[in-house]
Every structure is written in structure tokens, then in C-alpha cells.
Amino acid sequence: MLKTHKNHFKILIFRYFIVTTLLTSCSSIKKTLNSKIADDKLQNSFHGLVVVDANSRKEVYNLNGDKYFTPASNTKIVTFYTGLNLLPKNIPTLKYLVANDTVFVEGTGDPTWLHPYFSDSTAINWLKNQKTIALYTKNHDEQRYGPGWAWEDYDTYFSPEKSTLPLYGNVATISNNGALEVSPKYFEDQTMVKDTTIKRVEFKNQFYIAPMEQDTLEVPYMTSDSLTKHLLEIATGKEIFLTQHYPEGEKQTLYGIETDSIYKRMLLKSDNFLAEQLLLAASGMVSDTLSTQNAIDYMLDNHFKDLKQQPRWVDGSGLSRYNLFTPRSFVQILHKMYDEIPEERLFGIFPMWGPDNTVEQWEDPTTEPFLFAKSGSVGNNYNLSGYIKTISGKLLIFSFMNNHFRVPSKEVRQTMYATLKSLHENY
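Taking the working numbering as reference, the numbering of the sequence shown is continuous, increasing by one, and the terminal residue is 1200.
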């Protein structure tokens, strides 16, 4: 009996030791994080940080986790999760129906057709083998830009127009290293070497490149049904007819490249065009009409209905300042990903984030890669959400959001990295 009491007493002491150690450790981590976030650089702006243990689901830290922030490109995390749930392994690249010896085709929003990076020709090669082709372009409910996008960005590389059948990434690629080179060549006669900061006339496909410009420019072009038709005719060598009507019948789907490769590029390069087109393509899985809003509504009504703070979500890329998300919502969405996607696949797609920014190769020689996260920046805002691998072997899910600061964003990023590295080392 005495031996039993002694064993029971030892168990109680051991449990007390474990609980005390955990509480002390948590308290120490919170003090460390509080001291990091108390940095003078962050005192006149708005900041939120939520950290959760991925496996125990214990909340490690919470500062303003339920407050709304402008997410910028952290919105692409939500677009990524939407694609994972709605799009198949290979992206639908074209829908078609054969009627009376004519192939009626419509776009699906696939961004990879002749894209400068992907250069996908799956649909182009398929169209080359068809006899009579009728192109239907009215299967959408979209404006060329998203709500709240900045109008002055019309000639910047990060703001191509949205469309149901984009070609060449909806940009003209221009270089002037010894000789003027333009892709697609159709725009060659509409491109001038001129000493100007404007890269395109606002409402016309007239392009400019400065005489001393050393970089290759990607300048969005104005899309139109007639231009899409003409570019397709050049690429396929086939005559294509625009049609105002699509016949009744069951549409068939032609599939393109693997969607994982598009997700990876979107997240690594924070590519707004890919994000917008992926959300548009996802909408085609829940409706016959391609519509960003349809995809958003579906996700909010289904996969995101359990979010503790419902977001204001208006686009796929985060270009709009109308978007509003909380750090807690991002952590919830990231947790869904972790629960639903094999870790090898998830961290094969999610980018690494180093001391200063998103990286392809880890840049901190003092540590192994431990931050897999998506950044999001727009004037005076910088956010980061993702996963931390700790030295102890644990995995943390976090969202660190910073809005309305006036200091250089580099200083904010450095504070963020020091904060997240302390979690990597001490949790």
C-alpha cells in the first residue's frame, strides 16, 4: 500500500513538473514575442500575430488576431486553397462541343496559353487539328480589372487584364538589347523606342521602351474579342470565327498542365495574373459562367463558412485594398491546408521566406530552411503567413500582419524575421 502511494506521489510530482515547465516555456515565449513586437519601428502602426501549434492546435500567441487587416498578396493563400478544392490535377484549358462539323470552343480562364514562363501549347496544338472553329467569348461575368485596383497600374507588369482566354499572359514582352524584340510579333509595329517612363498608351495598344532600358519588359495589352481571335489565328494557322451563340449539348473538356506548377509559380513570384486567372478557372467548376464572385461566394458558403471572422474578399491576387482578413482567419485556412494536403506536396509548393523576402534558395547560412510562408505587400503594409519548422521538431502555423507603417518595409521585415526565428529556436 505504501509503495502504491509513493508511486502515485511520484506521478503527481512529474505531472506538476511538466505543467510548470510548459507554462514557464509559454510565458517565456510570449515575453520574447512581446519584446520583439514592442520594437520602436512598430509603435505607430497596426500589427497582428497569431501562432498555433499545428499538431496540438494550442494557441501559442495572439496579438490582434481577430482584427481586420489589408492582406495584400496574402490573399493568394486563399486563392491557392480555392484551387486545391475546386480544380483538378490538370487545369481545364478549353471547353468544346462539336455541332454540324464545327467545333465550338470557349476559354476556361487557363492562364498558361503561350505564357512567357509556361509556354503551354496544349490547346493551340489541339486547335491546329480542327477544321472549322467557332470561338465563343461570352461565357463570363467579368470586368477587365478587379474592384479597387489602382487605375494608374494599367502599364505595369503586375496588372494584366483578366480574360476567359488569355494569351501570352496578356502581356507584350519587349526587349531592346541591340535590337528591338517583341512577343507576340503582332505588336512589333505598335512598339517604339522612346525616352519615356510610360510603357503603353492608356487606352491603346501602343507600346514604348526607353533607349537605355536593359531589362525585358512585360507590358499588359488591352484585350478584346477581335484581338484574341486574331492572335489565335496567327498561332494556329487556322481561320477562326467569332460566334454569339453556343449550341445546346454536353461540353467536353481539354486539360492542360498540372495545376501544382501554376500554384507554385503564383506563390513564389506573387503573380497577380496567375492568381486572378486561377480563381476565374475555379469558378468554372461550380458554374457555367466564369465569375470571380461566383468562386468567392461558393468558398465562403462552403469551405470557409466556419471561419471565426468572415473576410471581405473581392479578388484573387490581393491587388485590391477592399480585401479584409484577420490573422486568425489565415491561420485557420493554413490549418485546413496542413490537415488536407500531404506535407511533402504542401512544402513543395509553398515558397520559402528568408531574412528579407521570398527566396528560391535559402539565404540564412546560420539555419536550415524553417520558414515556408507567403508574403503580401502594398504601400505601407507588409504581411506574412505560413509555417515555421522549429528546432525541436514541431510545426507552427502563423499569420503576422503589419498595416499602416511609415518606416521602410525592410525594417519591418527584419523585425518579423527576428520574431519568427525566435519561435524557430525556442518553441
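Beta carbons: idealized from backbone N, C-alpha and C, even for Gly.
When you compare the stretch 838 to 849 with the stretch 862 to 872, are there three or more beta-carbon pairs, one atom per stretch, that lie closer than 8 Å?
no
Which stretch, first to last residue, makes up the alpha helix (DSSP H) that contains residue 1066?
Within the sequence shown, numbered from 1, the residue matching residue 1066 stands at position 293. Segment 1065 to 1074, the alpha helix (DSSP H) holding residue 1066.
For the stretch 1011 to 1029 against the stretch 892 to 909, do three or more pairs of beta-carbon atoms, one drawn from each stretch, fall closer than 8 Å, so that the two count as touching?
yes
From residue 864 to residue 1122, what does the alpha carbon distance come to, in whole angstroms?
Residue numbering aside, residue 864 sits at position 91 when the sequence shown is read from its first letter. Residue numbering aside, residue 1122 sits at position 349 when the sequence shown is read from its first letter. One C-alpha to the other measures close to 16 Å.
Could you check whether residue 1044 and residue 973 sit closer than 7 Å to each other, using their CB atoms as the reference points?
The residue you call residue 973 lines up with position 200 of the sequence shown. The residue you call residue 1044 lines up with position 271 of the sequence shown. No, they are not a contact pair.
Residue 823 to residue 881 span [Cα, whole Å]
Start at 1 with the first residue of the sequence shown, and residue 823 comes out as number 50. Start at 1 with the first residue of the sequence shown, and residue 881 comes out as number 108. Their backbone Cα atoms lie some 37 Å apart in a straight line.
beta-carbon residue 980 near the ligand COA non-hydrogen atom, thresh 6 Å:
Within the structure as shown, the ligand COA is missing, as the structure has no ligands at all.
Take the Cβ of residue 1166 as the centre, count every other Cβ of all protein chains shown within 10 Å, and call the residue buried at 16 or more, exposed below.
Here residue 1166 corresponds to residue number 393 of the sequence shown, with the count starting at 1. Counting Cβ neighbours within 10 Å, residue 1166 comes out exposed, since fewer than 16 surround it.
For residue 1189, does the three-state DSSP call read helix, strand or coil?
As a working mapping, residue 1189 is identified with position 416 in the sequence shown. Residue 1189: helix per DSSP, three-state reduction.
Taking buried to mean at least 16 other C-beta atoms within 10 Å of its own C-beta, is residue 1170 buried or exposed?
In the sequence shown, residue 1170 corresponds to position 397, counting from 1. Classification of residue 1170: buried, given that the 10 Å Cβ count is 16 or more.
Starting from the Cα of residue 1058, find the closest Cα among 1079, 946, 866 and 849 and give me that residue.
Along the sequence shown, read from residue 1 onward, the residue named residue 1058 stands at position 285. The option with the nearest alpha carbon to residue 1058 is 866.
Continuous alpha helix (DSSP H) stretch holding residue 1050: start and end
Residue 1050 sits at position 277 when you count from the first residue of the sequence shown. Looking at the DSSP string, the run of the alpha helix (DSSP H) that includes residue 1050 is 1045 to 1056.
Buried or exposed for residue 868, please, with buried defined as at least 16 other CB atoms from any protein chain shown within 10 angstroms of its CB.
Here residue 868 refers to the residue found at position 95 of the sequence shown. Counting Cβ neighbours within 10 Å, residue 868 comes out buried, since at least 16 surround it.
State the Cα-Cα distance for the pair residue 1129 and residue 826, rounded to the nearest angstrom.
One-based indexing of the sequence shown puts residue 1129 at position 356. One-based indexing of the sequence shown puts residue 826 at position 53. Residue 1129 and residue 826: Cα-Cα distance of roughly 25 Å.
Just checking, does the stretch 934 to 944 make contact with the stretch 1049 to 1056 on the three C-beta pairs under 8 Å criterion?
yes
Identify the residues that DSSP records as bridge partners of residue 913: which are they?
Translated into positions along the sequence shown, residue 913 becomes position 140. In the DSSP output, where bridge partners are listed per residue, residue 913 has 1063.
CA nearest to the CA of residue 905, picked from 833, 1078, 883 and 1010
Reading the sequence shown from its first residue, position 132 is the one you call residue 905. Ranking the options by Cα distance to residue 905, first place goes to 1010.
6 Å Cβ shell around residue 818 - same chain, five flanking residues per side excluded:
On the sequence shown, position 45 is the one that residue 818 refers to. Here the set comprises 1177 and 1178.
CA-CA distance, residue 1006 and residue 955?
As a first step, residue 1006 must be located in the sequence shown, where it is residue number 233. As a first step, residue 955 must be located in the sequence shown, where it is residue number 182. Taking the straight line from one Cα to the other gives about 18 Å.
Distance, Cα to Cα, residue 795 vs residue 1200?
Your numbering for residue 795 matches position 22 in the sequence shown. Your numbering for residue 1200 matches position 427 in the sequence shown. Confidence is the limiting factor: at residue 795 the pLDDT is only 36, short of 50, which leaves the residue's position unreliable and the question unanswerable from this model.
Identify the residues that DSSP records as bridge partners of residue 1027: which are they?
Translated into the one-based positions of the sequence shown, residue 1027 becomes position 254. DSSP, once it has assigned bridges, lists 867 as partnering residue 1027.
Buried or exposed: residue 1139, going by 16 or more other Cβ atoms within 10 Å of its Cβ?
Walking along the sequence shown from the start, residue 1139 turns up at place 366. Exposed: under 16 other Cβ atoms inside 10 Å.
Contacts around residue 1172, its chain only, beta-carbon distance under 6 Å, and the 5 residues preceding and following it disregarded
Within the sequence shown, the letter at position 399 stands for residue 1172. Excluding sequence neighbours, residue 1172 sits near 823, 1100, 1103, 1104 and 1158.
Express the C-alpha separation of residue 832 and residue 821 in angstroms, rounding to a whole number.
For this step, residue 821 is matched to residue 48 along the sequence shown. For this step, residue 832 is matched to residue 59 along the sequence shown. Cα-Cα distance, rounded: 14 Å.
Are the stretch 947 to 954 and the stretch 989 to 1005 touching, with three or more C-beta to C-beta distances below 8 Å?
yes
Please work out which residues of its chain come closer than 7 Å, Cβ to Cβ, to residue 1033, disregarding the five sequence neighbours upstream and downstream, and give them in chain order.
Taking the sequence shown and counting its residues from 1, the one referred to as residue 1033 is at position 260. Cβ neighbours of residue 1033 beyond the five flanking positions: 1122.
Grouping DSSP H, G and I as helix and E and B as strand, with all else coil, what is residue 1169?
Numbered from 1 along the sequence shown, position 396 holds the residue referred to as residue 1169. Residue 1169 falls in the strand class under three-state DSSP.
Ends of the alpha helix (DSSP H) at residue 1036?
Translated into the one-based positions of the sequence shown, residue 1036 becomes position 263. 1032 to 1042 is the extent of the alpha helix (DSSP H) around residue 1036.
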